[in-house]
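All remarks here apply to the structure that follows.
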Amino acid sequence: MNFMAMNYKNVMPCAVAAMLGNHAADAAETREQRPNVILIYADDLGYGDLECYGAKNVSTPNVNRLAGDGIRFTNAHAAAATSTPSRYGMLTGEYAWRKEGTDVAAGNAGMIIRPEQFTMADAFKSRGYSTAAFGKWHLGLGDKSGEQDWNAPLPAALADLGFDYSYIMAATADRVPCVFIENGMVANYDADAPIEVSYVRNFEGEPTGKDNPELLYNMLPSHGHDQSIVNGISRIGYMKGGGKALWKDENIADSITEHALAYMREHSSEPFFMYFATNDVHVPRFPHERFRGKNAMGVRGDAIVQFDWSVGRILDALDSLGIADNTLVILSSDNGPVVDDGYDDRAKELLNGHSPTGGLRGGKYSAFEGGTRVPMIVRWPGHVDKGMESDVLVSQIDWLSSLAGLIGARVPRGAAPDSYDRLGNMLGTDSSPRPWVLEQAADKTLSLRTPEWKYIEPSQGPKIVPWGTEIETGYLSEPQLYGASDSGELENVAARYPDTVKRMQEIVRAVRGNDERLLRQLGARP
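Whatever position you read off the sequence shown (first residue = 1), add 43 for the working numbering.
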């Protein structure tokens, strides 16, 4: 696909000024409007996993269509290299490492975002929007971990976080409980099969993948993921019951998509905010039979195609409802990719030249770029130019403040402390990059990325992710500094540029300490 470049680095200053001047009035007019906003948030989708980002062996025509109608970002970053902290940061505007209990969550975790916190959904709700969440949640439910009664309404759920309607998975497809939660209650609850969940011990008489591999008729684990069995696939954690409420993995994408489409139809005449979080590329990858067996890369490729199908369904619905021109669509991923993350699906063997990270080093869990640089596409007909490509440095941590600015929502004092209004970057009206973005690896090692450099702070962790993924962590006991042009992060030049390392360290220290004064002194306030 051909894209019109939006890299202003090589444009004459007067031309840049003219372009920005032309957009100034447009940018002012967009603020305090009330367009619908849809966040399409993929799971474990890598920077190189989409056709419009150079993917091999997989076709994503619907995502291509979205990119062709909007801006494709090439330097966008998630706040963390794993799911729970990444989503926490994006939805709250606060880095997850500031809060205890934001590591990758168990399926029976209590609510990690607390009801008293201001969320992205709260911002939209404050401006009269209808709000909804679909698909993967992975940020906890109920008041306390391990104490939920899954057979009754949960005392704390997404309605307490600003979402009027929700149809979600408590965590991910590889973690129990394997049921959908609709508005704080198990959907299609089966009173004849009461649900019990534990992440400590199994329930008497319940088979596991470890002890009963003969029952794994759909998928085998490669490492871990050998506890309770649901739908012929063993999971992380133990579960009993569920009956008719248990999901079938092959129907997950259909279910969350159909619920999202029904919501769009019901609310098409009023402004709405929809968080549509897919599970497709996350393990266990078991797409619907419409897609399974169709891709040269096996089920991981099939899952990417299934994700693209969901995107297409949403875009088609916007067209048929006549609301596409008044809808801002943002597509991205929660973190970088992982090929073998616990199931024997031959994803690694079947890559056939495809690079899920698009040639970046590392991947999910990693401090290297492959952990947090993600695809990001923004479309808003009539407000965002078509077919553009932007290399502006942006971070998902800023989405809350930016979207609040768009709709004229006020963020309470003290809320979203790490989120800045970078709406101009998102809409292509401002080419000035964020001066830095901060990234969190699996062990909370922090990296700082600027338009010119990538700094990784010293860490004592292992060099390879220890649970079988074969991904480089990026951890090293000494500082690391890489030029931004060194996309493979192959040459650590920290010893040659001590002043740069010192400045990067000072910025990290200022961010850790919420020291706005020091950031201003360093000329590094976003």
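Glycine residues also receive a C-beta, built at the ideal position from the N, C-alpha and C atoms. Because the structure is a prediction, the values reported are computed rather than measured.
Does the beta-carbon of Gly401 have 16 or more other beta-carbons within 10 angstroms, so that it is buried, or is it exposed?
buried
Is the beta carbon of Glu293 less than 8 Å from the beta carbon of Glu332?
yes
8 Å Cβ cutoff met for Tyr306 and Tyr84
no
Taking only the alpha-carbon atoms, compute the straight-line gap between Trp193 and Ala149 and give it to the nearest angstrom.
15 Å
Between His266 and Gly252, is the Cβ-Cβ spacing less than 8 Å?
no
Counterpart residues of Met317 in DSSP-defined beta bridges:
Ile81, Ala175
Ser162 and Thr135 look like a contact to me (Cβ under 8 Å); what is the Cβ gap, rounded to whole Å?
Per the sequence presented here, residue 162 reads as Thr, with Ser not at that position. Correct: roughly 6 Å between the Cβ atoms.
In whole angstroms, what is the alpha-carbon distance linking His66 and Asp428?
Caution applies to His66, whose pLDDT of 48 falls short of 50 and renders its modelled position unreliable; the value that the coordinates give is listed next. Spanning the two alpha carbons is a distance of roughly 11 Å.
Excluding the five sequence neighbours on either side, which residues of its own chain have a C-beta within less than 7 Å of the C-beta of Glu532, listed in chain order?
Arg404, Phe411, Glu412, Lys497, Tyr525
Is Gln222 near Ala288, with beta carbons less than 8 Å apart?
Reading the sequence as shown, one finds Val at residue 222 and not Gln. It is a contact, given that the beta carbons lie within the stated cut-off.
Residues near Met228 in its chain [Cβ-Cβ closer than 8 Å; skip 5 each side]
Cβ neighbours of Met228 beyond the five flanking positions: Ala195, Pro196, Leu197.
Suppose only complete runs of 3+ residues qualify. What are the beta strand (DSSP E) ranges in the stretch 234-278, listed by chain order?
Unbroken beta strand (DSSP E) stretches of 3 residues or longer found wholly inside the stretch 234-278: 239-241, given in chain order.
From the DSSP output, in three-state form, read off Pro418 for me.
Under the three-state reduction of DSSP output, Pro418 falls in the strand class.
Does the separation of the CB atoms of Thr321 and Lys545 fall below 8 Å?
If you check the CB distance, Thr321 and Lys545 do not come in under 8 Å.
Mind checking whether Gly385 and Asp186 have CB atoms under 8 Å apart?
no
Where Glu137 falls, given that 16 or more other Cβ within 10 Å makes a residue buried
buried
Going by C-alpha distance, which of Gly365, Asp441, Gly286 is nearest Asp233?
Gly286
Neighbourhood of Arg568 by C-beta distance below 7 Å, restricted to the same chain and skipping five residues each side:
Glu559, Leu562
Burial state of Val243 (16 or more Cβ within 10 Å):
exposed
Exposed or buried, which one is Ala367 when buried takes at least 16 other CB atoms within 10 Å?
buried
Under 8 Å, with one C-beta from each stretch per pair, do the stretch 376-383 and the stretch 114-126 reach the 3-pair mark?
yes
Would you check if the distance between the CB atom of Ala200 and the CB atom of Leu184 is smaller than 8 Å?
yes
His426 (DSSP reduced to helix, strand or coil)
coil
Per DSSP, cross-strand counterpart(s) of Val372
Ile81, Arg422
If you draw a straight line from the C-alpha of Asn557 to the C-alpha of Thr103, how long is it?
For Asn557 and Thr103, the distance between alpha carbons rounds to 41 Å.
Between Val326 and the rest of its own chain, which residues show a CB-CB distance below 6 Å, the 5 nearest in sequence each way excluded?
Cβ-Cβ distances below 6 Å link Val326 to Asp217, Asp384, Gly385, Tyr386 in the same chain, with the five nearest sequence neighbours on each side left out; the list follows chain order.
Just tell me which of Gln523, Phe329, Val324 has its CA closest to the CA of Lys291.
Phe329
Here's the rule I'm using: 16 or more other beta-carbon atoms within 10 Å means buried, otherwise exposed. How should Asp351 be labelled?
buried
With 16 other Cβ atoms within 10 Å as the buried cut-off, status of Tyr96
So Tyr96 counts as buried.
Would you mind giving the Cβ-Cβ distance between Met262 and Ile279, rounded to the nearest angstrom? I have them listed as a contact below 8 Å.
No, Met262 and Ile279 are not in contact; Cβ-Cβ is about 14 Å, not under 8 Å.
Selected residue, minimal CA-CA separation from Arg170, among Asn79, Lys283, Pro256, Ile357
Asn79
Taking DSSP as the reference, what is the three-state secondary structure of Lys168?
helix
State the start and end residues of the unbroken alpha helix (DSSP H) segment that holds Gln548.
541-555
By Cβ distance, which residues of its chain are closer than 6 Å to Ile440, with the 5 residues on each side in sequence left out?
Ala122, Gly132, Asp461, Ser462
Just to confirm my understanding: we take Glu313, look at its own chain, exclude 5 residues before and 5 after, and list those with CB closer than 7 Å. What are they?
Ser173
Local Cβ density within 10 Å of Leu491, reported as buried at 16 or more and exposed below that:
buried
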